[in-house]
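Taking it in order: structure first as structure tokens, then the write-up.
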Amino acid sequence: MISRIERGFVSPSVDTLDRLAESLRVPVSRLFAEREIRADFCHVPAGCGLVVDRSGAALDYRHELLGHLLSGHILVEPYLVTLLPSAEPFVTSQHDGVKFLYFLSGEVIYRYGSKAVSVRAGDSLLFDANVQPGIEAF
235 MISRIERGFV SPSVDTLDRL AESLRVPVSR LFAEREIRAD FCHVPAGCGL
285 VVDRSGAALD YRHELLGHLL SGHILVEPYL VTLLPSAEPF VTSQHDGVKF
335 LYFLSGEVIY RYGSKAVSVR AGDSLLFDAN VQPGIEAF
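In this text, residue positions in the sequence shown follow the working numbering: the first is 235, and each later residue adds one.
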């Protein structure tokens, strides 16, 4: 029966699809997924991120690229951003997408549009990047 379904000789019933998916231990929707789905994977060992010069970035903000994924319509580029001792507060540029920030150390006032929050080590922020965000004060 499976061979006939694969070759297009038979259209399976919903019940047949359900039993097939159950035997394969996958959701039924998986049977209709595209075969060539891109699924990127990236491993960057500790201390081996790529230091990059970001166009429009503030001086004395060190950006280390920790990976790159482009799966489907999603682009993800995580960075480890280190503020060097001579760094000044900086409002970043707006763009499409989202930003996730996790603070490893220190304390800053972070502005997001009209909101300003005090963040410190262990805190995180997640927001739409279409509003101008950035560090307001150290």
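Yeah, the Cβ is synthetic: ideal placement off N, Cα and C, and Gly gets one too.
Counting C-beta pairs closer than 8 Å gives fewer than three between the region 328-346 and the region 278-289, which falls short of the contact rule. Residue burial is scored here from C-beta neighbours: residue 279 has fewer than 16 other C-beta atoms within 10 angstroms and is therefore classed as exposed.
Under the three-state reduction of DSSP output, residue 314 falls in the strand class.
About 21 Å separates the Cβ atoms of residue 318 and residue 345, ruling out a contact at the 8 Å cut-off.
The continuous beta strand (DSSP E) containing residue 371 extends over residues 367-371. Taken through DSSP and simplified to helix, strand or coil, residue 309 comes out as strand. Looking at 303, 356, 361, the one whose alpha-carbon comes closest to that of residue 328 is 361. When only Cα atoms are considered, residue 293 and residue 277 end up about 28 Å apart. Shown here, residue 255 sits in a helix according to DSSP, grouped into three states.
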